[in-house]
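Chains as they are written, first to last, in the numbering used here: chain A, 10 to 648; chain B, 10 to 648.
Ideal placement from N, C-alpha and C gives every residue a C-beta, glycine not left out.
Here it is as structure tokens:
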């Protein structure tokens, strides 16, 4: 590359969208992809070791670093890793379908209804209807020579006749305009009041009656961001509408630790915030447009998410989440004006974050405890949220302990050759028949594209019970023609290539990743149970939440040794408890106070420094476990 | 005036300062005076009827409206009313000395020490030392792998170990920088916390120890603005330094009703705010420079003042203070960030206003009740604050009633021919000897320039007891050569003209004004005493505060029938209780809460609509009163 080339601008046309990027010669292709906002899978954040960011160069000059992550066939087809390729001329680049497939709508209609069911259940936990933000239509008696009460105090009196608000706070701008509004409305005004940790803020005051009042509950996932639109004037906890999108930070790494590193190395904290705030705003605008709601009528947003994601959203310093002493800047984030964080709702509307416990136990987990009601139960319960990390909570109404294992995103489809998200074409269900033949079902019953979380769980369990892998996860069917040697060692063909789709395989590395994930979760469970002297038979209930959500076969989770071997009727899916918790809080101040009490009462176990965790992890790195006596029912299913 | 002239610029040079103003031809001279910021007396705000804004035209062309308010001698000396004169060319204008004399330092050293004594007394009311703003140097244990508490919660814990703060609030910007500051200071930081109505705000957090913490207590008077600089790190209630200035709104009218009218007619609410905020800032800067204090180390300002003045300061709508139903926009003003109102202290410092009761009973009166401790007394007490209005409070620990009479500013020297403020040259003491000769004393023992409040009180009482005026205030000494006919009727020469000073007279109109003022106050007292069935002998104490302050002879206040005829030892001067109250509150959160309780418990009597007030006023318009049995001791002093 000459100096002359360096200054040259290159125009890249991306197919099939036709989007164009103009970049200086020498630009890394992945950065050009980011520039136009196209989604391309990237687990490692551009370090060249995950091999996910494959794109096809149709024409143009480029320079690619050698990599072992492309097969000879792929190289033949002009495929490159975008993160290892420099642009040297005008180019045309095709983004393979599988990238865009993953960005499709993650929530099908049945997902949405699942969330509705969950919300109804949360509403049944008995919190009184007392939304965080209320619009009160106040019809006051105007002042007279017999009633000299000042406007400000008159309004406070009227508010206190309607709601319990011992401490009311009013910003200066509202105070200044208040008299004018009261007179304009002939003392019939709408006061928008918001709850802020023991106080009530007079957020807005308008002449006349303005009833419409909406809020948004948001699950800030590392992978997906889900938003539910709620009507705050109704006690009904059903969402008016729901929407979800991929977390667009994903271009900077699939797990949040990698994103923190990226942000540090590129001083990209603002960029990280802009991405997640942009995602949230897109969801809000989509919901508002679809429901024909004025953004000014959305007065609150409640967010639940892991600690890193909350830090990114508010641009708090997240760097010590990944470094000793592994702490958060803030676990209990006070309500702020949403506009201060760039969130586009009513310009004086409030943004609430559910409280978190520690760097690795975020507000999404507190939401889970709130939603499942563990903190009210006499019997001991287990709650496990399996995502990029595997967070585990054990406890009852008297005590709560929690821990987080760095499970890795294997069950979210990352770090697995044909892993993908729960989108159309994903294998969500897989069975190995006694004759070793394989049956599968894809989401949308379309041609198979990859395997999503529940499919991976099935795969691991069925390969094990079907005697295709042994207890250590090694392939045992030496004679099977489906077992071949690939670039990453041995791999097993689950689906042969067909008309218009490639073969789907699972590699030894994939299986090792999956076992590591489940071992991490189970070791965390063991540490907490040991510390509290809880035996499996003491468990009244096991609640499972997480990435696979709906599609998970709980029996398989026991089969592979991820969950303790308790009677299946004790295990329950609880779906997206983060959003259910956010919604519960939005509709009840008491629920928010309860979440704060829960977060304070949860004792955090740091597994990294725990003396027995590593040992437990190693013992759990078998199928189902080194100690088979822990899994009596699994022994019986083993053929 | 031709169109050509209209566009011409005229340069006016003002003597003796030499300041210059460039204004378009046709500009009202008083506006040009305002433009350069020179003080010229003006009671009516430029309507041409008070006759105070006399200036001398040395040369140049002008056009003056005819007026009866200038004597032929004054016209001969090229004197004009600045508000009735248009500038038509370059000019030289001399501002007579008496204007600038009034703007001199109102507080002599003895005044300052008087305030110190008062503050000490307030400190003795038993409020615990608990300043509204505190700087806490917190030495925290840094986080470790054994202590995962987040920075935000770690700081809250440390704050709560030091002070009682159940609800702490933190703004978004502080939250964002908090982790950086904690790390920079190795978890040794200074937290500045402020009390905001039941909550505690984390105002600032800085690495290391920053002890300096000052605040300013301000008495926002209609006429004068007084500021005391307080060291918040010390329990000592003495002011570090004090400063006072004239309220520069005075150019728009001497009483606040006239200023509200001016602001409405000229849409000059912003200008009114700028003036008063400018005055406050000048005081603060003067104190800070003199004491070598960084403005950033002044973290709070507490203001007491009448309701109109508080509204002007914050630019709240004051218009209904003067119009039915005579209400305030806000009586209990929540703390705001001082910078929001333009007050130049620490940019995140807080501005507090003491609570007021009604449009005509402001926070200065609540401060008086707090300072005198009436609200704690078993016996019934009377508190009267004589200024532009005469506010009266009657009560004890069980009940408090209050009223405001529009006494007029006569005892502040306004509306009186030779009335002036308590500045150098003012007659502050006057005696009529049995031979009808007059002895007087001026402030600073200089040549007499006019008569201030205490001198006016003496004059009225001594003319009465000296048989120069009768019980109706009419002159009786027909043969006295000192009694002449002036432009406003009869006038009495108190001081003959001397070398370098003009004669000092008191006119029949002056005496009528003074009697109206005292009658208003006494009628208010009577209404409250009647309503509560309080007899003069039931009064345990009478507290007097107000414009004449220090110089007042309480005996004379009884002689003229302004205060009820109680034993003199029961009557006490309490000086500037507004500033004493502001200081007390600044140093004790409990005192602010008490002030709020006091304001809430005070029952306001609207005299305008009261059935007996007019009657009482007419009966009190005699010296000392129509009903002499109310003033047994006065009968006996009458010669």
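Residue i - containing beta strand (DSSP E), residue span
i, result
"residue 518 of chain A", "Segment 517–540 is the alpha helix (DSSP H) holding residue 518 of chain A; no beta strand (DSSP E) there."
"residue 255 of chain B", "250–255"
"residue 571 of chain B", "No beta strand (DSSP E) contains residue 571 of chain B, which DSSP labels as neither H nor E."
"residue 311 of chain A", "307–314"
"residue 391 of chain A", "389–395"
Chain-ordered neighbours of residue i on chain B, where CB pairs are closer than 9 Å
i, result
"residue 154 of chain A", "333, 334, 335, 615, 617, 618"
Contact set between residue i and chain A, taken where Cβ atoms lie within less than 7 Å
i, result
"residue 349 of chain B", "181"
"residue 187 of chain B", "338"
"residue 326 of chain B", "188, 189"
Beta-carbon neighbours of residue i, restricted to chain B and to distances below 7 Å
i, result
"residue 341 of chain A", "161, 162"
Within chain B, partners of residue i - CB distance below 8 Å
i, result
"residue 178 of chain A", "205, 206, 208, 343"
Residue i burial status per 10 Å Cβ neighbour count (16 or more: buried)
i, result
"residue 453 of chain B", "exposed"
"residue 119 of chain A", "At residue 119 of chain A, the pLDDT of 36 sits below 50, so the modelled position is not reliable; the number obtained from the coordinates is stated separately. Per the 10 Å Cβ criterion, exposed."
"residue 623 of chain B", "exposed"
"residue 617 of chain B", "exposed"
"residue 527 of chain B", "buried"
"residue 620 of chain A", "exposed"
"residue 636 of chain A", "exposed"
"residue 135 of chain A", "exposed"
"residue 548 of chain A", "buried"
"residue 29 of chain B", "exposed"
"residue 279 of chain A", "exposed"
"residue 434 of chain B", "buried"
"residue 472 of chain A", "buried"
Listed by chain order, chain A residues near residue i by CB distance under 9 Å
i, result
"residue 368 of chain B", "157, 159"
"residue 184 of chain B", "323, 325, 338, 339, 342, 343, 345"
Cα-Cα separation, residue i to residue j
i, j, result
"residue 227 of chain B", "residue 513 of chain B", "34 Å"
"residue 285 of chain B", "residue 77 of chain B", "33 Å"
"residue 639 of chain B", "residue 582 of chain B", "22 Å"
"residue 289 of chain B", "residue 168 of chain A", "34 Å"
"residue 455 of chain B", "residue 212 of chain B", "50 Å"
"residue 143 of chain B", "residue 368 of chain A", "31 Å"
"residue 314 of chain B", "residue 421 of chain B", "16 Å"
"residue 225 of chain B", "residue 362 of chain B", "12 Å"
"residue 577 of chain A", "residue 440 of chain A", "19 Å"
"residue 332 of chain A", "residue 381 of chain B", "59 Å"
"residue 413 of chain A", "residue 451 of chain A", "31 Å"
"residue 177 of chain B", "residue 610 of chain A", "20 Å"
"residue 497 of chain B", "residue 378 of chain B", "40 Å"
"residue 570 of chain B", "residue 299 of chain B", "44 Å"
"residue 499 of chain B", "residue 532 of chain B", "27 Å"
"residue 312 of chain A", "residue 272 of chain B", "47 Å"
Residue i, enclosing alpha helix (DSSP H) - first and last residue
i, result
"residue 79 of chain A", "Where residue 79 of chain A is concerned, there is no enclosing alpha helix (DSSP H), given that its DSSP letter is neither H nor E."
"residue 609 of chain A", "598–610"
"residue 301 of chain A", "Segment: none, residue 301 of chain A is in no alpha helix (DSSP H) and carries neither H nor E."
"residue 463 of chain A", "462–474"
"residue 335 of chain B", "Looking at the DSSP string, residue 335 of chain B is not in any alpha helix (DSSP H), and its letter there is neither H nor E."
"residue 375 of chain B", "372–381"
"residue 160 of chain B", "160–171"
Contact residues within the stretch 625–646 of chain B, judged by C-beta distance below 8 Å to chain A | Interface annotation for the stretch 625–646 of chain B against chain A: empty, criterion Cβ-Cβ distance under 8 Å.
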